[in-house]
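Contents: one structure, followed by commentary.
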Amino acid sequence: MSRTPQDVTDAELSVLQVLWESQTATVRELTERLYPEGTTALNATVQKLLERLEAKKCVKRNRKTWPHRFAASVAREVLIARQLQTTADKLCQGEIHPLLTSLVKARGLTPADRKSLRGLLDELDHEKK
Numbered sequence: 109m110s111r112t113p114q115d116v117t118d119a120e121l122s123v124l125q126v127l128w129e130s131q132t133a134t135v136r137e138l139t140e141r142l143y144p145e146g147t148t149a150l151n152a153t154v155q156k157l158l159e160r161l162e163a164k165k166c167v168k169r170n171r172k173t174w175p176h177r178f179a180a181s182v183a184r185e186v187l188i189a190r191q192l193q194t195t196a197d198k199l200c201q202g203e204i205h206p207l208l209t210s211l212v213k214a215r216g217l218t219p220a221d222r223k224s225l226r227g228l229l230d231e232l233d234h235e236k237k
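So the sequence shown is numbered by the numbering used here: it starts at 109 and just counts up by one.
Structure, rendered in structure tokens:
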């Protein structure tokens with residue numbers, strides 16, 4: 109199955125996770141975090157991942173500094189929503205209910221999860237009124 113341009117690979121997601129945690133980073137800083145036992149040759153790998161993420165508008169580069177600093181330009185929540193919708197479209201004809209049901213049954217919900225979910229549902233119900 110082919111990817112859409114906005115799909116994020118596992119390797120790209122690893123880069124985004126570091127950027128979400130650290131706010132900004134250089135290629136070298138990202139390489140050191142992602143490949144602590146690696147060599148400087150991996151800088152090229154990280155650079156390529158950043159270029160792909162930049163093309164997908166998931167990362168922005170600050171060209172005013174040297175070395176350039178990179179930051180995530182997509183929020184984690186936005187990416188989660190996009191990936192869940194893509195999964196729902198592929199597996200459930202766009203329906204979210206079967207996806208959520210499967211997720212809840214497979215993982216279960218803690219009491220805190222239930223409370224949070226009830227609060228979210230109440231908030232959504234209140235917004236519709």
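Even glycine gets a Cβ: it sits at the ideal position worked out from N, Cα and C.
A straight line joining the alpha-carbon of Arg169 with that of Val126 spans about 15 angstroms. Leu157 sits close to Ala119, with the two beta carbons spaced by under 8 angstroms. Secondary structure at Ala149: coil, using DSSP grouped into helix, strand and coil.
Within the segment 120 to 183, the runs of alpha helix (DSSP H) at least 4 residues long that lie entirely inside it are, in chain order, 135 to 142, 150 to 163. Leu217 is classed as exposed because its beta carbon has fewer than 16 other beta carbons within 10 Å across all chains shown. DSSP places Thr209 in the helix class (H, G or I) of the three-state scheme. Excluding five sequence positions before and after Ser181, the CB atoms of its chain that fall closer than 8 angstroms to its own CB belong to Lys165, Cys166, Val167, Lys168, given in chain order. Counting other Cβ atoms within 10 Å of its Cβ, Val116 reaches 16 or more and is therefore classed as buried.
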